[in-house]
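For the sequence shown, the numbering used here assigns the number 348 to the initial residue and increments by one for each residue that follows.
We treat Cβ as the ideally placed atom computed from N, Cα and C, and that holds for glycine.
Keep in mind it's a predicted model, so treat the numbers as computed, not measured.
Below is one structure, written out as structure tokens; comments come after it.
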Amino acid sequence: MSDIQNNLIFPPIFDGLPVKAFFTTKAINGELKTISETVDIPIASIYQPIQKHTDRIMLLSSSMNKAVADAVITKRTGILIGIDVADCVPILIYDKRSQAIGAVHAGWRGTSHQILKKTIYKMADNFGSIPSDILIAIGPAIRQCCYEVGTDVFEAIRNSTGEGHYYSKKGKKDFIDLPIANIHQALSLNIPLENIWDIGDCTFCSPDHFFSYRYSKGKTGRQSGYIGIFT
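This is the structure we're talking about:
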């Protein structure tokens with residue numbers, strides 16, 4: 348289990364950089380008021396999209412109005428952007444050259460629609476981001492050990508991701524590792540492996556620390572992933 352201080356997990360890949368980036372644990376439960384008080388940032392400076400398991404990516408410019416999206420990118424400073432999850436993959440992105448950031452919610456639908464790749468493409472289009480400048484942090488999510496899926500989900504993710512060690516079969520059962528699938532997609536864009544940090548924790552295996560939709564059979568809270576540029 349990664350080091351947890353004050354119920355936040357700080358990805359070491361961002362150490363020493365002008366960003367505030369963290370994943371929350373079960374104790375905070377995705378409440379904006381609690382997050383605001385914990386990190387001392389006004390609620391008005393915290394942005395979350397309306398998540399619907401889409402592949403929509405929001406470019407956050409001047410307006411903080413809520414919109415349906417499952418990823419957010421921006422170059423604005425002094426604000427946090429983030430997403431909520433409870434088994435899906437929370438992904439934080441930082442472009443160290445252009446000073447752009449992104450937050451991605453990648454469930455099986457988002458992963459099968461390559462939402463992480465599309466987010467990085469959108470960062471390239473809007474900010475000139477290139478693979479060698481991008482750093483990625485992947486937070487707690489359900490892993491291959493516990494994520495049995497149907498044939499339709501298995502095929503959808505494999506068709507979008509290609510071959511790799513993110514899936515396995517046990518008899519007639521199919522298992523997927525959503526974080527590793529997203530890492531494969533990032534690597535396919537030539538993002539260096541050393542630019543990717545993966546916490547490795549499984550939400551289903553750690554119900555005392557993280558919410559898991561599957562473990563709780565649907566009734567559960569949410570943990571979050573947030574990132575912001577603070578110079």
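When the Cα atoms are used, what is the spatial distance from residue i to residue j?
i: Ile393; j: Lys519; result: 44 Å
i: Ile388; j: Ala450; result: 17 Å
i: Val581; j: Ser515; result: The question about residue 581 has no answer here: the residues shown for the chain are numbered 348 through 578.
i: Ala433; j: Ser410; result: 28 Å
i: Val500; j: Ile438; result: 20 Å
i: Phe585; j: Asn506; result: The displayed coordinates of the chain run from 348 to 578. Any statement about residue 585 would go beyond what the structure contains.
i: Thr424; j: Ser476; result: 17 Å
i: Leu427; j: Ile420; result: 11 Å
i: Ala453; j: Lys469; result: 16 Å
i: Lys399; j: Asn376; result: 19 Å
i: Pro358; j: Trp544; result: 7 Å
State yes or no: is the beta carbon of residue i nearer than 8 Å to at least one beta carbon in chain B?
i: Gly547; result: Although the question refers to chain B, the structure presented lacks it and comprises just one protein chain.
Give the secondary structure of residue i by DSSP, where H, G and I count as helix, E and B as strand, and everything else as coil.
i: Leu534; result: helix
i: Phe557; result: coil
i: Ile481; result: strand
i: Gly449; result: strand
Taking DSSP's pairing of strands, which residues face residue i in a bridge?
i: Cys549; result: Ala488
i: Tyr514; result: Ile523
i: Gln570; result: Val432
i: Lys367; result: Gly575
i: Val496; result: Asp521
i: Ile356; result: Phe370
i: Ile504; result: Paired residue(s): none; Ile504 is not in a bridge.
Exercise for the section: Say whether the stretch 524-535 touches the stretch 476-489, bearing in mind that this needs 3 or more beta-carbon pairs closer than 8 Å, one atom from each stretch. Expected result: yes
Handout entry: the stretch 460-470 contacting the stretch 491-499, beta-carbon criterion three pairs below 8 Å
Key = no
Exercise for the section: Within the stretch 370-441, note down every full beta strand (DSSP E) run reaching 3 residues or more, in order along the chain. Expected result: 404-406, 418-421, 427-432
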